[in-house]
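So, in structure tokens, the structure goes:
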């Protein structure tokens with residue numbers, strides 16, 4: 001993903017599905033800028049701070065969403 005970003009071709013990412021270790025390689029601001037689910041991820045962050053959880057989109061049977069890149 002980082003290489004694609006440097007080339008100006010970074011795909012969208014699913015923040016809610018991105019592992020924290022991705023931050024060892026790319027900045028959070030870069031991931032947020034390319035987020036396909038920015039509103040959902042922000043809602044989950046607010047819910048986590050409040051001790052709750054929010055609903056998230058369901059993936060297909062094979063676990064893939066057929067959408068943006070997931071780290």
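Residue numbers (the UniProt record's numbering): 1 to 71.
Even for Gly, the Cβ is constructed at its ideal location relative to N, Cα and C.
| Check | Outcome |
| --- | --- |
| Applying the criterion that 16 or more other CB atoms from any shown protein chain within 10 Å of the CB defines a buried residue, is residue 19 buried or exposed? | exposed |
| Residue 34 CB to nearest chain C CB: under 8 Å? | Among the chains in the structure shown there is no chain C, since it carries only a single protein chain. |
| Three-state secondary structure (DSSP) at residue 26? | coil |
| Report the CB separation of residue 72 from residue 1 in whole angstroms; it is logged as a contact under 8 Å. | As displayed, the chain neither begins before 1 nor continues past 71, which places residue 72 out of reach and without an answer. |
| Strictly by DSSP, which residues pair up with residue 35? | 13 |
| Taking all protein chains shown into account, decide if residue 37 is buried (16 or more other Cβ within 10 angstroms of its Cβ) or exposed. | buried |
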